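Chain order of the listed sequences is A and B.
For the first sequence, my numbering assigns the number 650 to the initial residue and increments by one for each residue that follows.
For the second sequence, my numbering assigns the number 40 to the initial residue and increments by one for each residue that follows.
The beta carbon of each residue, even a glycine, is placed where N, CA and C say it ideally should be.
Quick caveat: nothing in here was measured; it's all calculated off a predicted structure.
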Amino acid sequence: MSARRSTAAALLTLAVATAALAGCSQKKDDKASADAVKVNATDSACEVSKTSFPAGHVVIDIANKGSKTTEVYVYGDGDKIITERENIGPGTKASITAEIKAGSYEIACKPGMVGDGIRQKITVTGDAASSGASTDPRLTAAVDAYRTYAQEQADATIPVVTQFADAIKAGDLEKAKSLFAPSRTGWERTEPVAESFGDIDPKTDTREDGLEPGQEWTGWHKLEKSLWADARIGDDEKKLADQLVTDLKDWQTKIPAAEITATSMANGAKELLDEVATGKITGEEDRYSHTDLADFAANVEGAQKAYELLKPVASEKDAELAKTLDAEFTAIQALLAKYKQADGGYTSYDKVTEAERKTFSDAVNSLGEPLSKLAAAVVVK
Amino acid sequence: MDAENQQQSGTPAGTDADAAASGRGGADRGPISRRAVIGWAGAGVAIGAAGVGSVAAATRQDDDTPAPAATPANIPFYGEHQSGIATPVQDRLHFAAFDVSATATRESLVKMLKEWSKAAAAMTGGREVGTGAASGLPEAPPDDTGEALGLPASRLTLTIGFGPGLFEKDGVDRFGLKARRPEALIDLPNFKGDKLDPQRSGGDLCVQACADDPQVAVHAIRNLARIGMGTVNIRWSQLGFGKTSSTTPDAQTPRNMMGFKDGTHNIAGSDTAKLAEHVWVAPGEGPDWMTGGSYLVARRIRMHIETWDRTSLKEQEDVFGRTKGEGAPYGKPKEHDAPDLKAMPEDSHVRLAHPDSNSGLMILRRGFSFTDGTDGLGRLDAGLFFLAYQRDSRKAFVPLQQRLASSDKLNEYIQHVGSAHFACPAGVRKPGEWWGQALFG
């Protein structure tokens, strides 16, 4: 993906939400950060930095300064949950983003995650209709579920990438090769989220031709070149392997702070297909290992996950689009299945003919084009 | 190539004769700007002035809305015959052949053709596709790709054709159309000397976009391809420039890449008698859905530019049987003088292709020059993208090309590298109808 990384965050609007987590986003979201509603949660108080703010895209930065794990809710009339974040550990910070319409609400902190919580009334001002905001609880739930998915993918990646690094450090070339593609699966499934942390992707997933002047080449693709093109594991590779693990752990810890919206989920799904269309179809992504189809499959899986989560709303608002997407996901999965190997991997991409690549390309375009309409279908107007 | 097989007609004239001949003076040449017609809210004024009235505003997304009256920049999409055949040849071409995707169904194909027809009506009318290039939801990609924003319609025409693969592919009747395949839509035979590249040949569907502005022609194909994603995919495409045939014989005859005037005696787009005799399929000739249509043969003809350029002038003129400067047939002073075939070398191109040498057969040509970089051997990949329309290819292009392929002296300097054959149905007559309706309906 590296070639397009610089614009990815802007495209996705998956910018990291905030100053709450030091160092995770220096530049992207200063405005959101400045506008953020800050919540200081303790065992006995729930201090809200402002009780009136404009409707629309709202960022709530939470700091748990108490001794108990807490959760924070925004309630509408009748305790309707507008948005929430559970499991905020003592001493940790978290951020919630939501589209909130004008109206009266309550923010509640629940130390120990029990009871009605310590509540504070807030007013969201402005014209609800003009804000374009959505408070569809199904979308809020979809975003939460997608964040959970992204977290699970990162959590599952760390053990595999650690094994990959261990094999390199043991000088075991063949084992390292066998773990290269699996170590990328979780990342590739949730790449738009991963890329939204602008500082991680350049370190982990840059291709040689995507380097900025003066940038040191690190990460998966450097190791890929060493393993396949040079068939060599030296001290440098061992250091790079450790660095990759460190960088990916950084990614893992940042996911709770990633700014995810229904719109960014939908467009992120489309972005995953765009990744396939530009980098994988040509075989550029994994040019030494030819494991492109493994990345391809992971991109499609991640896109499908986002779509499935948004589907309840999408199918209500645009049934025909949902029908098309169902059919196209099925078609592309069937196509990929033909290339699946007994060991769970995929056919080496250098064995895939030009004619077959055209078939893949057509399938990707057939899915990517309707997928580009998903965001519009889930936006509440 | 230059099938010099037409009757003499007309006299040379200035380059503006196109417009003059078709009754389109320069006074109201002002283009209909897409920008001016964008968004019917703003366009309400313009549309209202054109007499369509406020109904148009209420049907903004329905591109079946009649376009304002034709202007020099605007060729009507609706009509008895498809535009882009007898229409005065525009300056530029973007031609695309499509394959129908393996996952497509008859239903999805019909849906696409309906959407294509709406988009074609909009674009040929100088309007944007769907909700346009810069309106619609901010979260969604625009319906129109936008590179033709602010450009006039530029006499854009879009012409659709159906290839053999639509009716039967690899022995499979994919869309229940096998029985409706016209007998005239043959798989073209191999001609001597052909070196066809499968990547530049065939196709289940084609769309010919002609316009005076290449950006407008490219935009049109791009938007149709986008609409068709999932149902069709581009098999190959070709850009063309410098029309090499004229359907307006009064206009100055254009030159091909060999420097010779080409299409001196093409069928005039205004010659309804000849069009009926040679171009339009008559009732009862094959399936009803082809009545009023025409068969299109597309050939990518590579020219051996470098060897041609080092050929003596005498040899070049002998190859054609015409003079290079004036374009006059051998033994005659003027381009449009009736040729004395016997004065031309026996293997000259014009002599072999002339109707008098071919029992009077004629085809309507709309060829364009192309140059696509080099071929990797330092040679220019250039030549003629030959497009010919006829009532029955079996009786027109095929015998003509068989004759040329076996004897034409020009063969030393050219090679046919791409080939396709399409059945182009009659025109979409009015809003609400669609390309292929008679075939699928």
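**Asked** According to a CB-to-CB cut-off of less than 8 Å, which residues of the region 233-250 of chain B neighbour chain A?
**Response** none
**Message:** Measuring only the C-alpha atoms, how far is K1022/A from V1028/A?
**Reply:** 11 Å
**Message:** Can you list, in chain order, the residues of its chain with a C-beta nearer than 7 Å to that of L226/B? Leave out the 5 residues immediately preceding and following it.
**Reply:** A quick correction: the sequence has Asp, not Leu, at residue 226/B. Excluding positions up to five away in sequence, the list reads P203.
**Asked** For T311/B, which of A112/B, T198/B, I124/B, F116/B has the nearest alpha-carbon?
**Response** I124/B
**Message:** I'd like to know whether the C-beta of V707/A is nearer than 8 Å to at least one C-beta of chain B.
**Reply:** no
**Message:** Between E167/B and chain A, is the shortest Cβ-Cβ distance under 8 Å, so that the two count as touching?
**Reply:** no
**Prompt:** Which residues in the same chain have their Cβ closer than 6 Å to the Cβ of V723/A, if we skip the five residues on either side of it in sequence?
**Reply:** I731, T732, Y754, I756
**Prompt:** Going by the CB atoms, is the gap between A911/A and A791/A shorter than 8 Å?
**Reply:** yes
**Asked** From H375/B to I306/B, what distance separates their C-alpha atoms?
**Response** 14 Å
**Message:** I need the boundaries of the alpha helix (DSSP H) containing W900/A, first residue and last residue.
**Reply:** 884-903
**Item:** 4-residue-minimum alpha helix (DSSP H) runs that sit fully inside the region 291-368 of chain B, ordered along the chain
**Value:** 311-317, 344-348, 352-359
**Message:** Between which two residues does the beta strand (DSSP E) holding S753/A run?
**Reply:** 752-758
**Item:** N948/A beta carbon less than 8 Å from that of E965/A
**Value:** no
**Request:** Spell out whether any CB of chain A is found under 8 Å from the CB atom of R265/B.
**Result:** yes
**Asked** Of all the residues that make up the region 961-978 of chain A, which are near chain B by a beta-carbon distance shorter than 8 Å?
**Response** T973, A976, E977
**Prompt:** Among the residues of its own chain, which have a CB less than 7 Å from the CB of V94/B, if the five just before and after it don't count?
**Reply:** Unreliable positioning characterises V94/B in this predicted model, as indicated by a pLDDT of 34, which lies under 50. The coordinate reading is nonetheless provided below. Here the set comprises nothing.
**Asked** Across which residues does DSSP place P703/A in a beta bridge pair?
**Response** T774/A
**Request:** Please classify G859/A: is it buried, with 16 or more other beta-carbons within 10 angstroms of its beta-carbon, or exposed?
**Result:** buried
**Asked** Under 8 Å Cβ-Cβ, which residues of chain B neighbour A980/A?
**Response** T142
**Asked** Candidates A747/A, A907/A, A926/A: which alpha carbon is nearest T1008/A's?
**Response** A926/A
**Message:** Looking at chain B, is there any beta carbon in it that lies within less than 8 Å of the beta carbon of K1022/A?
**Reply:** yes
**Prompt:** In terms of residues, what are the limits of the beta strand (DSSP E) holding F137/B?
**Reply:** 131-139
**Contact set for N736/A: own chain, Cβ-Cβ below 8 Å, skip 5 residues either direction** = T718, E720, M762
**Item:** Span of the alpha helix (DSSP H), counted from its first residue to its last, around W275/B
**Value:** Where W275/B is concerned, there is no enclosing alpha helix (DSSP H), although the beta strand (DSSP E) it sits in stretches over 271-282.
**Asked** If you draw a straight line from the alpha carbon of F206/B to that of D785/A, how long is it in whole angstroms?
**Response** 48 Å
**Asked** Roughly how many whole angstroms lie between the Cα atoms of E696/A and L1020/A?
**Response** 41 Å
**Item:** Nearest to G457/B (by Cα), restricted to the options G466/B, Y334/B, R338/B, Q121/B
**Value:** R338/B
**Prompt:** Taking the continuous alpha helix (DSSP H) assigned at R833/A, which residues delimit it?
**Reply:** 822-838
**Message:** Please classify L1117/A as buried or exposed, where buried requires at least 16 neighbouring CB atoms within 10 angstroms.
**Reply:** The first residue shown for chain A is 650 and the last is 1030, placing residue 1117/A beyond what the model contains.
**Request:** Quick one: residues in its chain with C-beta nearer than 7 Å to the C-beta of F359/B, no 5 flanking neighbours on either side, listed in chain order?
**Result:** F299, S387, H388, V389
**Residue from A1012/A, R768/A, F945/A with nearest C-alpha to T973/A** = A1012/A
**Item:** Simplified DSSP state of A250/B, which is helix, strand or coil
**Value:** strand
**Residue from K448/B, C463/B, T350/B, H343/B whose Cα sits closest to the Cα of G422/B** = H343/B
**Prompt:** In terms of DSSP beta bridges, what is T732/A paired with?
**Reply:** V723/A
**Message:** My output table needs one value for D692/A: the three-state DSSP class, helix, strand or coil.
**Reply:** coil
**Asked** In chain order, which continuous runs of the alpha helix (DSSP H) of length 4 or greater are located wholly inside the region 133-215 of chain B?
**Response** 145-163, 203-206
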